[in-house]
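Data block below; observations after.
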Amino acid sequence: MKIDLQIHTNHSDGRETPEQIIKDAKEGNLDVISITDHDIISAISISTTEAQKVGIRVVPGVEITTGYRGQPIHVLGYCIDPENQEFKEFLNGINEYRKAHFISLMAEINKNLIVAGRPQVDIDHYKDREAKYYSIPGAALFLYEEKAVEGRNDGFAYIIGLPDAAPTLEPKDAFTAIHKAGGKAFLSHPFAPLISLKNISEDKDEQESIVALFKEQGMDGLECYGTGHSAEDVTFALSLVEKYNLLISAGSDWHGCIEKTGPGLKRYLPFYLEKLGDLSVPEDHIKRILSGLDIEI
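With the sequence shown counted from 1, adding 3 to any position gets you my numbering.
Put into structure tokens, the structure is as follows:
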């Protein structure tokens with residue numbers, strides 16, 4: 004059996020449609036996947052419908068942007084009810100924050116373009132976009148569409164280094180919202196190079212203390228297997244799972260093939276997959292992951 008419980012579509016910052024994701028998942032012999040777009044759940048229904056045609060199980064999911072000690076931290080929600088109105092309103096609030104944040108960054112991006120001798124973009128054109136544009140990849144896409152840069156991935160050079168969206172919303176708020184929507188909450192890529200506990204502290208004892216705090220605040224588990232983690236990171240994550248009686252998850256953080264996403268993604272995910280379906284998870288842990296999410300196959 005093969006699983007991948009962190010996949011992004013073009014409804015947030017992935018490069019592929021939900022329909023293409025299901026096609027790729029089938030070709031990769033995946034049995035269970037989760038669509039976990041950033042702060043948006045609009046792709047779940049489409050993905051589920053397409054997946055049913057080819058015998059793939061879709062776990063309704065989301066990846067929520069939070070902030071902790073001034074750093075962005077991502078929280079995965081699994082088995083959520085995508086029709087839960089309170090949860091929809093919760094996500095709408097996050098997306099309004101992201102929109103305001105990235106609109107405010109566009110003036111700084113224009114300064115970087117000027118220094119490089121490139122044309123500025125019209126910020127007013129940026130103010131009424133789909134949610135996917137209010138992210139680092141989305142802003143880079145906007146620069147490309149506005150012809151400020153030649154290549155689809157060239158815009159990253161003028162954005163990387165600027166602050167990502169780290170709202171005042173804390174992980175514990177995401178845990179609560181996920182539980183109210185009937186789901187279970189996991190810390191996403193907890194030990195990846197960026198957007199992880201390592202951004203807060205490189206000290207393993209301090210990282211462990213944060214995991215213990217998040218457990219007290221309602222976190223259900225850790226994403227142990229993923230393309231942001233080395234073998235040492237996986238071992239450390241699994242040790243914390245056992246010590247604090249947490250659930251396990253596994254996800255590639257797939258955003259599309261590297262030719263489409265651009266090499267910059269490897270700053271965040273150094274072991275990024277060549278294709279969907281290549282995530283390696285021990286069989287006994289796959290069973291444990293699915294059992295923890297109350298999923299029967």
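Every residue gets a Cβ at the ideal spot worked out from N, C-alpha and C, and that includes glycine. Since the model is a prediction, treat every value here as computed from it, not as a measurement.
### Task
Give the single residue among Ile300, Ile76, Phe145, Val118 whose Cα lies nearest to the Cα of Leu225.
Ile76
### Query
I think Ile43 touches Asn98, with their Cβ atoms under 8 Å apart; what is that distance to the nearest whole Å?
7 Å
### Task
Under 8 Å by Cβ, that's how I've got Asp281 and Gly31 pegged, so tell me the actual separation to the nearest angstrom.
About 7 Å separates the beta carbons of Asp281 and Gly31, which is inside the 8 Å limit, making them a contact pair.
### Query
In or out: Asp127 buried (at least 16 other Cβ within 10 Å) or exposed?
Around the beta-carbon of Asp127, fewer than 16 other beta-carbon atoms lie within 10 Å, marking it exposed.
### Query
In whole angstroms, what separates the C-alpha of Ala110 from that of Pro85?
So the two alpha carbons sit approximately 35 Å from each other.
### Message
Please tell me whether Phe178 and Gly229 are closer than 7 Å, where the distance is taken between their beta carbons.
### Response
no
### Query
Taking the DSSP output, what are the residues bridged to Ser255?
Ser255 pairs with nothing; no bridge assigned.
### Task
Answer yes if the segment 193-211 comes into contact with the segment 139-157, meaning at least three C-beta pairs across the two stretches below 8 Å, and no otherwise.
no
### Task
Determine, using beta carbons only, whether Val78 and Pro174 come nearer to each other than 7 Å.
yes
### Message
Quick check on the DSSP output: the beta strand (DSSP E) that includes Glu149 runs from which residue to which?
### Response
Neither: Glu149 is in no beta strand (DSSP E) and is coded neither H nor E.
### In DSSP terms, what Arg72 is bridged to
In the DSSP output, where bridge partners are listed per residue, Arg72 has none listed.
### Message
Which runs of the alpha helix (DSSP H) at least 4 residues long sit entirely within the segment 217-279? Give them in chain order.
### Response
234-246, 261-264
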